Amino acid sequence: PYTTLFRSLVKEVKKKGEAAKVAIRNIRRDANDMLKKLGKTDVSEDEIAELEDSVQKMTDKFIKKVDEAVEVKSKEILTV
Numbered sequence: 134p135y136t137t138l139f140r141s142l143v144k145e146v147k148k149k150g151e152a153a154k155v156a157i158r159n160i161r162r163d164a165n166d167m168l169k170k171l172g173k174t175d176v177s178e179d180e181i182a183e184l185e186d187s188v189q190k191m192t193d194k195f196i197k198k199v200d201e202a203v204e205v206k207s208k209e210i211l212t213v
């Protein structure tokens, strides 16, 4: 009985993790859209590319943190 409950909790944790990653990707998309608008002004293409790279690195960093948090919480739930 408890294992079913724990598995459903882990499933819920994973759903929340996926939702967080989608939110992070949406923020990346919005940031890249703003950068493209900047490209139409006097900002150079190199600067835009550098900023887009920076946004991607931050995205990767935070998605990794979400994955790690999901993993830790899932293990915590299953070892109780």
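Quick note: our numbering has the sequence shown finishing at residue 213, numbered continuously throughout.
Every residue, glycine too, gets a C-beta built ideally from N, C-alpha and C.
Because the structure is a prediction, the values reported are computed rather than measured.
If you count every other CB in all the chains shown that lies within 10 Å of the CB of residue i, and 16 or more means buried, which is it?
i, result
"Val203", "buried"
Of all the options the options, which has the alpha carbon lying nearest to the alpha carbon of residue i?
i, options, result
"Glu185", "Lys154, Arg161, Ala156", "Arg161"
"Leu168", "Ile210, Ile181, Thr192", "Ile181"
ask   = Hey, which unbroken runs of the beta strand (DSSP E) at 3 residues or more fall wholly within the stretch 151-211?
value = none
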